Every structure is written in structure tokens, then in C-alpha cells.
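Asker: Submitted below is the structure of interest, expressed as C-alpha cells.
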Amino acid sequence: MLTALAYLGHSSTLSFSRNVRNLLQRSSPIADPGSVSMERQDISYTRTLPPIALDLSSIALPKLSYAEYLTNTVIVHIGSLYSIFDADMFLQRLRRFYDDRDKDLEIDATLWHIQMLLILAFGKSIQSREHSEMGPSGMTYFTLAIEAMPDIRRLYEDPLLSIEVLCLAALFMHATDLLQEAYVTIGQALRISVTKVLNKRFPEALRSSNFEYQRRLWWTVYCIDRKCAAMLGSPSVMRDDDISIPFPEIKSGDESQNAFAIHAILSSHLGKILDAIYGCVILTVRPVLFSLLKPLLASNAPIPDGRHSSSPFESMLKMCIESAVQILKIMSILKQQMMCDIFLPYDIDALFSAAFALILIDIIRPANELLWDLPQVMNLLGEFVSRRVAPAQAYRSDLVQILELHTKLRGNNSRQHQDTGTMFNMSLVPGLDEYAITQPGQLVIDDLNVEGFDISDTDMLDNAWMWDMDDMSTNI
Numbered sequence: 151m152l153t154a155l156a157y158l159g160h161s162s163t164l165s166f167s168r169n170v171r172n173l174l175q176r177s178s179p180i181a182d183p184g185s186v187s188m189e190r191q192d193i194s195y196t197r198t199l200p201p202i203a204l205d206l207s208s209i210a211l212p213k214l215s216y217a218e219y220l221t222n223t224v225i226v227h228i229g230s231l232y233s234i235f236d237a238d239m240f241l242q243r244l245r246r247f248y249d250d251r252d253k254d255l256e257i258d259a260t261l262w263h264i265q266m267l268l269i270l271a272f273g274k275s276i277q278s279r280e281h282s283e284m285g286p287s288g289m290t291y292f293t294l295a296i297e298a299m300p301d302i303r304r305l306y307e308d309p310l311l312s313i314e315v316l317c318l319a320a321l322f323m324h325a326t327d328l329l330q331e332a333y334v335t336i337g338q339a340l341r342i343s344v345t346k347v348l349n350k351r352f353p354e355a356l357r358s359s360n361f362e363y364q365r366r367l368w369w370t371v372y373c374i375d376r377k378c379a380a381m382l383g384s385p386s387v388m389r390d391d392d393i394s395i396p397f398p399e400i401k402s403g404d405e406s407q408n409a410f411a412i413h414a415i416l417s418s419h420l421g422k423i424l425d426a427i428y429g430c431v432i433l434t435v436r437p438v439l440f441s442l443l444k445p446l447l448a449s450n451a452p453i454p455d456g457r458h459s460s461s462p463f464e465s466m467l468k469m470c471i472e473s474a475v476q477i478l479k480i481m482s483i484l485k486q487q488m489m490c491d492i493f494l495p496y497d498i499d500a501l502f503s504a505a506f507a508l509i510l511i512d513i514i515r516p517a518n519e520l521l522w523d524l525p526q527v528m529n530l531l532g533e534f535v536s537r538r539v540a541p542a543q544a545y546r547s548d549l550v551q552i553l554e555l556h557t558k559l560r561g562n563n564s565r566q567h568q569d570t571g572t573m574f575n576m577s578l579v580p581g582l583d584e585y586a587i588t589q590p591g592q593l594v595i596d597d598l599n600v601e602g603f604d605i606s607d608t609d610m611l612d613n614a615w616m617w618d619m620d621d622m623s624t625n626i
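Heads up: the sequence shown runs through residues 151 to 626, numbered per the working numbering.
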């Protein structure tokens with residue numbers, strides 16, 4: 151039999167039993183000075199676990215100096231936002247591994263070697279800043295690591311290392327557009343973290359010697375989980391109410407620590423949006439846009455007129471436009487400074503989301519003036535495509551298709567309403583580089599209206615629009 155200790159949460163029946171025993175024991179006149187443990191003995195039948203299927207001798211690894219360089223590349227690139235591994239400890243073990251390898255010693259593959267492959271995959275992919283047809287440059291190392299990934303029983307032999315490995319795997323899956331796989335993988339890391347009570351605050355006397363490391367590891371898992379949930383459009387599996395461990399502290403002069411702390415705090419806000427406000431987005435923002443768009447597609451659709459008063463949703467649309475324009479400005483600055491993330495997909499997702507929202511709003515409420523640069527957006531998307539970033543082609547294709555639909559709608563309506571702004575020049579679509587677009591800028595924000603539509607109709611707050619979208623998606 152294998153025996154280990156496992157933490158019991160408050161809702162556990164055994165936990166309740168032991169709380170009662172502790173209470174009775176303290177109340178007894180002959181009380182035992184000790185207390186009943188809130189951990190249970192995790193007993194399972196002895197089973198020989200299969201070895202990790204990784205032949206280290208057959209892998210073409212880089213020289214030690216270059217492996218160290220790739221490791222430091224990972225530390226510089228993501229170390230300020232994620233605390234996925236202890237750099238000093240990893241480098242020491244890396245040098246020891248290479249030393250044993252140079253001595254032709256027989257080395258049994260372990261979970262750490264999978265972590266090594268993932269870190270090399272990250273470093274090589276970040277360094278090259280370009281993907282091949284097979285994926286990021288480090289795809290070979292990543293594939294070997296995933297194929298050798300052990301089952302949950304072996305992961306629990308070293309749970310903290312397992313959490314690190316799963317975090318690395320989930321982030322790399324995002325880079326390869328494996329969003330569902332990343333969501334499931336980080337879910338494993340999250341649940342292992344919870345069973346190791348990384349999410350709970352303990353009195354200082356009961357804290358482990360590596361408490362700070364565990365706290366940073368927890369918030370790393372938390373941040374990646376929130377990103378995975380947002381990218382996939384699924385709920386996060388962890389509520390903030392179940393987390394009592396304090397956020398990392400913001401300290402004056404410690405830029406690296408502060409970046410990590412701010413990232414954790416922002417991820418917490420993202421979690422609140424997913425858990426609380428996300429429902430409002432689904433029930434309010436999206437159905438509003440969809441309900442405004444749907445009448446435009448009818449043959450007798452009224453044409454929006456900018457000369458009339460604003461609607462109840464004017465402020466919401468203003469906020470949407472301002473936010474999208476700000477995102478495009480930030481992306482433009484990142485491009486100028488060559489700081490766009492070519493590896494992880496978060497920048498391109500933000501770029502597409504902002505451009506798509508502005509075009510959709512411009513269909514609903516035609517703009518009067520050009521205030522954002524679509525050619526620049528298309529050029530940046532083209533750069534992502536040329537570097538073979540996984541989701542880039544799909545994003546650009548969707549954007550071009552919505553532009554084509556926009557032009558058709560504008561063409562149909564231009565004979566009825568001549569003051570709708572400049573038309574999209576769709577003859578330039580094939581080249582994309584010289585693409586021009588009517589852009590919803592400040593003038594649109596100033597006189598937003600949806601005259602002709604009863605957008606205060608509560609019917610839009612039901613979920614019927616979702617079913618319409620589902621019907622459309624089946625034909626794609």
C-alpha cells in the first residue's frame with residue numbers, strides 16, 4: 151500500500167468529523183493535549199508506475215552554453231509576469247544533467263527532463279520570432295515533452311514541479327492555438343495547486359520554508375487560468391472567494407516584482423469579469439450589437455441617422471469605441487518598438503478584437519471621419535501571418551470577410567442615404583496593404599445614435615440571439 155497525506159477541505163465529511171473530535175477533545179476533562187490532524191492518510195494500492203517514455207540519448211540537445219542562453223531568454227521574456235520555475239535551481243540542475251551526459255552516465259528520464267524540454271522549446275521559439283509550417287521553432291522539443299507527459303499518479307510524486315510543467319505546457323499550447331487543450335491543462339495545474347492548499351493563507355508559524363515561492367507559483371497558475379478562460383470564452387473554474395492567500399506585494403524600486411504583482415491583480419479583475427460581469431456582456435453588449443445589426447439586414451431596414459438624439463446604450467457604445475481605439479494605439483506603439491509578442495497569441499487577439507468591434511459598430515452606426523488606420527492594422531496582421539503565427543490567418547480571413555460584408559451593406563444603402571461616410575474600397579482587398587476603411591472615431595462617439603431601432607426592447611435581453619448565431623455557425 152502507498153500512504154501519503156492529503157489536505158481536507160471544510161466541506162469534507164471526514165474534515166467535519168475531525169473538527170467535532172477536536173472540539174470534544176478540548177472540552178474533555180482528560181483532554182489529550184494534541185489535536186486531531188486535518189489531513190487524511192491517502193492510501194492506495196501499490197502499483198508500479200510506468201517509466202517516463204523519453205529517450206534522452208536520442209534527443210538533439212543544444213550545447214550547454216546555448217541551453218543556458220535559451221533559459222535566460224525565457225526568464226527575461228516571461229519571468230516578470232509568470233513565476234514558472236526557480237531560475238537558479240533550474241540552471242544548477244541543467245549543468246548537472248549536461249555534466250552527467252558528457253560522462254556517458256545512464257540517465258533515467260524524470261519529470262524535470264520534460265520541464266527542460268519545455269523551457270528549451272520556449273527559448274528557441276522566443277529567440278527565432280518566427281514560426282514554421284510545423285509551428286513555433288521549439289515545436290520539436292514541445293512535442294517530445296507532451297508525448298512523454300506522465301499520468302496524474304506520477305505528477306503527484308512531485309506536485310510543485312508538476313504544476314510548473316503544466317503551466318509551461320498550457321502557455322505553449324496557446325502559442326500553437328491549442329486553446330481547448332491549454333484550458334484543460336491549466337485546469338489540472340489549478341486542481342493540483344488547490345489540493346496542495348496553495349490558495350490558502352496560513353499563520354506565519356505554519357508556513358513552509360518556501361512560502362514565497364509557493365505564493366508566486368499559485369498566482370502564476372491563477373493568471374494563466376484566467377487567460378485560458380478568456381481566450382476560449384469559458385468560465386474560470388476557480389472563484390476568488392475560495393482564495394485567501396495574499397497578492398504579491400508591490401514594492402518601491404522592485405520593477406520585476408511589481409510587474410508580477412500588477413499582472414496578478416489585473417488577472418484577478420479579469421477573473422471578476424469572467425465570473426460576474428461576463429454574464430452582463432453576454433446578455434447586454436453582444437445582444438445589443440446583434441439586435442442593432444440584425445434589422446440592417448432586412449430589405450426594409452431603416453438607415454441610422456446621426457442627426458437624432460442618442461440612445462440608452464450610447465455610453466456603452468462610446469466606451470466600446472474608445473477602448474478599441476486605445477488598443478489599436480497601443481498595438482501601433484508596440485509595433486514601432488518591435489515589442490509585439492510573436493510567440494504568445496495575446497497581442498494578435500487584442501488587435502483582431504478591437505478592429506472587428508470598430509468595423510461592426512461602423513456597420514451599425516456609419517462614421518463621418520477617418521480616425522484610425524486600418525491599413526496599419528492589416529499590415530500588422532500580415533506580419534503575424536508571414537511569421538506563421540497559428541491564429542493569424544483565421545483572424546485576417548474573418549476581418550476581410552466582415553469588411554466585404556460591410557462594403558456590400560454600404561453599397562446597398564448608399565442610394566437611400568448619401569451621408570454615411572466614405573465607402574470601403576474593396577477593390578484593394580487582394581493586396582491588403584493599401585486597404586482603406588471608414589473609421590468610427592470621435593465624431594461617431596460624439597453623435598452615436600440608433601434612430602429607427604427600438605433598442606430598449608427587452609426581447610434583446612433573452613438568449614435568442616445566441617441561437618441565431620449557432621444556426622449561422624453550422625453553415626461555416
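Built from N, CA and C at the ideal position, the CB exists for glycine as well.
Quick caveat, the model's predicted, so the values are computed rather than measured.
1. Spell out a yes or no on whether the segment 377 to 388 and the segment 238 to 258 are touching, meaning 3 or more CB-CB pairs, one atom from each, closer than 8 Å.
2. Between the alpha carbons of VAL226 and LEU549, how many angstroms are there, rounded?
3. Please go through the same chain and pick out, in chain order, the residues whose beta-carbon is closer than 8 Å to the beta-carbon of LEU206, but skip the five residues on each side of it.
4. Just reading off the alpha helix (DSSP H) that GLN265 is part of, what are its end residues?
5. Is ILE395 near ARG351, with beta carbons less than 8 Å apart?
6. Under a three-way DSSP split, which group does GLY285 fall into?
7. Classify ALA203 as helix, strand or coil using the three-state DSSP reduction.
8. Nearest by alpha-carbon distance to PHE493: which of THR326, TYR306, ALA217 is it?
9. Give a yes or no on whether the C-beta atoms belonging to LEU318 and ILE209 are separated by under 8 Å.
10. Can you have a look at ILE228 and say buried or exposed, based on whether 16 or more other CB atoms are within 10 angstroms of its CB?
11. What residue from SER312, PRO495, MET266 has the CA that sits closest to LEU321's CA?
12. Identify whether GLU554 lies in helix, strand or coil by the three-state DSSP scheme.
13. Let me know if LEU553 comes out buried or exposed under the rule of 16 or more other beta-carbons within 10 Å of its beta-carbon.
14. Under 8 Å, do LEU367 and LEU310 count as touching if we go by C-beta distance?
15. Which one of PHE506, ILE511, ASP497 has the shortest CA to CA distance from PHE534?
16. Using alpha carbons as the reference points, say which of ARG546, GLU472, PRO541 lies closest to GLU283.
17. Please list, in chain order, all residues of the same chain as ASP308 whose beta carbon is under 7 Å from its beta carbon, the five residues on each side excluded.
18. Nearest chain D C-beta to ASP375 closer than 8 Å, yes or no?
19. Among the residues of its own chain, which have a CB less than 7 Å from the CB of TYR363, if the five just before and after it don't count?
20. The ligand MG and LYS468: does any heavy atom of the ligand fall closer than 7 Å to the residue's C-beta?
21. Spatial neighbours of LEU270 within its chain, please: CB distance less than 6 Å, with the 5 preceding and 5 following residues excluded, ordered by chain position.
22. Return the CA-CA distance between ASP391 and ASN529, expressed in angstroms with no decimal places.
23. Pick out whichever of GLN265, VAL344, GLU314 has its Cα sitting closest to the Cα of ALA295.
24. Excluding sequence positions up to five away, which residues of its chain have a Cβ less than 8 Å from the Cβ of LEU268?
25. Count the other C-beta atoms from every protein chain shown that fall within 10 angstroms of the C-beta of THR335, then say buried if there are 16 or more, exposed otherwise.
26. Any idea what DSSP makes of VAL334, helix, strand or coil?
27. Determine the burial state of ASP512: buried for a count of at least 16 other Cβ atoms within 10 Å of its Cβ, exposed for fewer.
28. DSSP state of LYS401, grouped into three classes?
29. Short of 8 Å in beta carbon distance, which residues of its chain neighbour ILE400, apart from the five on each side in sequence? Order them along the chain.
Answerer: Judging by the given coordinates:
1. no
2. As a working mapping, residue 226 is identified with position 76 in the sequence shown. As a working mapping, residue 549 is identified with position 399 in the sequence shown. Cα to Cα, VAL226 sits roughly 33 Å from LEU549.
3. Counting from 1 along the sequence shown, the entry for residue 206 is found at position 56. Contacts found: ARG251, ILE257, ALA259, HIS263.
4. Along the sequence shown, read from residue 1 onward, the residue named residue 265 stands at position 115. Unbroken alpha helix (DSSP H) run through GLN265: 261 to 278.
5. Against the sequence shown, residue 395 aligns to sequence position 245. Against the sequence shown, residue 351 aligns to sequence position 201. Contact flag set, yes.
6. Residue mapping note: residue 285 aligns to position 135 of the sequence shown, counting from 1. In this structure, GLY285 counts as strand in the three-state DSSP scheme.
7. In the sequence shown, the residue the question calls residue 203 occupies position 53. DSSP places ALA203 in coil when its eight states are reduced to three.
8. Numbered from 1 along the sequence shown, position 343 holds the residue referred to as residue 493. Closest by alpha carbon: THR326.
9. By 1-based counting over the sequence shown, the position of residue 318 is 168. By 1-based counting over the sequence shown, the position of residue 209 is 59. Result no, Cβ atoms of LEU318 and ILE209 do not sit closer than 8 Å.
10. Counting from 1 along the sequence shown, the entry for residue 228 is found at position 78. Burial call: buried.
11. On the sequence shown, position 171 is the one that residue 321 refers to. Nearest of SER312, PRO495, MET266 to LEU321, Cα basis: PRO495.
12. Taking the first residue of the sequence shown as 1, we reach residue 554 at position 404. Note: GLU554 maps to helix in three-state DSSP.
13. By 1-based counting over the sequence shown, the position of residue 553 is 403. Under this definition LEU553 is a buried residue.
14. In the sequence shown, the residue the question calls residue 367 occupies position 217. In the sequence shown, the residue the question calls residue 310 occupies position 160. Closer than 8 Å, so yes.
15. Here residue 534 refers to the residue found at position 384 when the sequence shown is read from its first residue. It is ASP497.
16. Taking the first residue of the sequence shown as 1, we reach residue 283 at position 133. If we check each option's Cα against that of GLU283, PRO541 comes out closest.
17. The residue given as residue 308 occupies position 158 in the sequence shown. LEU261.
18. Among the protein chains of the structure shown there is no chain D, as only one such chain exists.
19. In the sequence shown, the residue the question calls residue 363 occupies position 213. ASP236, listed in sequence order.
20. The ligand MG is not among the ligands present in this structure, which contains no ligands whatsoever.
21. Counting from 1 along the sequence shown, the entry for residue 270 is found at position 120. Only LEU220, TYR291 meet the Cβ criterion.
22. Here residue 391 corresponds to residue number 241 of the sequence shown, with the count starting at 1. Here residue 529 corresponds to residue number 379 of the sequence shown, with the count starting at 1. In a straight line, the C-alpha of ASP391 is about 43 Å away from that of ASN529.
23. One-based indexing of the sequence shown puts residue 295 at position 145. For the residues GLN265, VAL344, GLU314, the minimum Cα distance to ALA295 belongs to GLN265.
24. In the sequence shown, the residue the question calls residue 268 occupies position 118. Once the five neighbours on either side are set aside, the close Cβ partners of LEU268 are TYR291, PHE292, ALA295, VAL315, LEU318, ALA319, PHE322.
25. Position 185 of the sequence shown, counting from 1, holds the residue named residue 335. Under this definition THR335 is a buried residue.
26. Within the sequence shown, numbered from 1, the residue matching residue 334 stands at position 184. It is helical.
27. In the sequence shown, residue 512 corresponds to position 362, counting from 1. When all chains shown are included, ASP512 counts as buried.
28. Within the sequence shown, numbered from 1, the residue matching residue 401 stands at position 251. Residue state, collapsed to three classes: coil.
29. Position 250 of the sequence shown, counted from the first residue, corresponds to residue 400. Taken in chain order, the residues that qualify are GLN407, ASN408, ALA411, ILE412.
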